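Colleague:
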Amino acid sequence: MKVFMHNGCEWLWQAEGTGTRKRAAAHVIIRRGTGQVRVNNDEDLYVRWPFYYNRMDVLQPFFLTGTAGIYDLFIHVRGGGSSGQAGAVRLAVGRALVSACPACARLLEEDMVLYEDTRQRMPKMPGRMKARKMRTWTKR
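If you want it as structure tokens, here you go:
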């Protein structure tokens with residue numbers, strides 16, 4: 001496998017990772033490049049996640065490890081909404097960076113990047129409009 005040096009650490013030329021959040025699942029391949037981001041082979045990062053906080057979720061592991069602009073990011077994500085997909089990609093990118101350089105694992109763990117958020121939405125219950133929402137209660 002090809003390796004290169006960056007910030008005093010040895011990094012793999014290419015790595016991959018997977019992640020999930022809510023109903024979304026993501027598979028990510030990072031490859032040595034110029035910082036290009038492709039989502040589902042055709043979309044741009046700004047088209048897929050128009051909100052700033054979702055884009056920051058996706059790119060946070062790169063900023064924490066100091067590898068922004070070092071790797072090209074190829075994302076395949078499906079299911080869920082935009083926020084869940086951004087969380088799934090964040091976990092997948094973190095896992096890919098750890099497989100590329102195990103020395104950065106502690107750095108990513110401190111900022112909770114490598115921990116999977118297992119919370120799921122509550123199911124709708126009978127007699128209610130949604131999971132928690134109820135009709136207005138009247139005494140008489």
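Each residue of the sequence shown is one higher than the one before, starting from 1 at the first, in the working numbering. Don't be surprised by glycine CBs; every beta carbon is placed ideally from N, CA and C. Note that the coordinates shown come from a computational prediction; the quantities given were computed from them, not determined experimentally.
Label K61 either buried or exposed according to how many other C-beta atoms from any shown protein chain fall within 10 Å of its C-beta, with 16 as the threshold for buried.
Modeller: Looking up residue 61 in the sequence shown gives position 61. Here residue 61 turns out to be Pro, not Lys, going by the sequence shown. Result: buried.
Colleague: For Y46, which three-state DSSP category applies?
Modeller: Along the sequence shown, one-based indexing puts residue 46 at 46. It is helical.
Colleague: Would you list the one or two residues that DSSP bridges to Q36?
Modeller: Locating residue 36 in the sequence shown gives position 36, where the first residue counts as 1. Q36 pairs with nothing; no bridge assigned.
Colleague: Mind checking D57: buried by the 16 CB within 10 Å criterion, or exposed?
Modeller: In the sequence shown, residue 57 corresponds to position 57, counting from 1. It counts as buried.
Colleague: On the DSSP bridge list, what partners appear for I75?
Modeller: Position 75 of the sequence shown, counted from the start, is the residue given in the question as residue 75. Answer is V28 and V39, bridged to I75.
Colleague: Please report the straight-line C-alpha distance between T118 and A86, rounded to a whole angstrom.
Modeller: For this step, residue 118 is matched to residue 118 along the sequence shown. For this step, residue 86 is matched to residue 86 along the sequence shown. Between T118 and A86, the C-alpha separation is close to 15 Å.
Colleague: Which class does M5 belong to by DSSP, given the choice of helix, strand or coil?
Modeller: Here residue 5 refers to the residue found at position 5 of the sequence shown. Looking at M5 - three-state DSSP - the assignment turns out to be strand.
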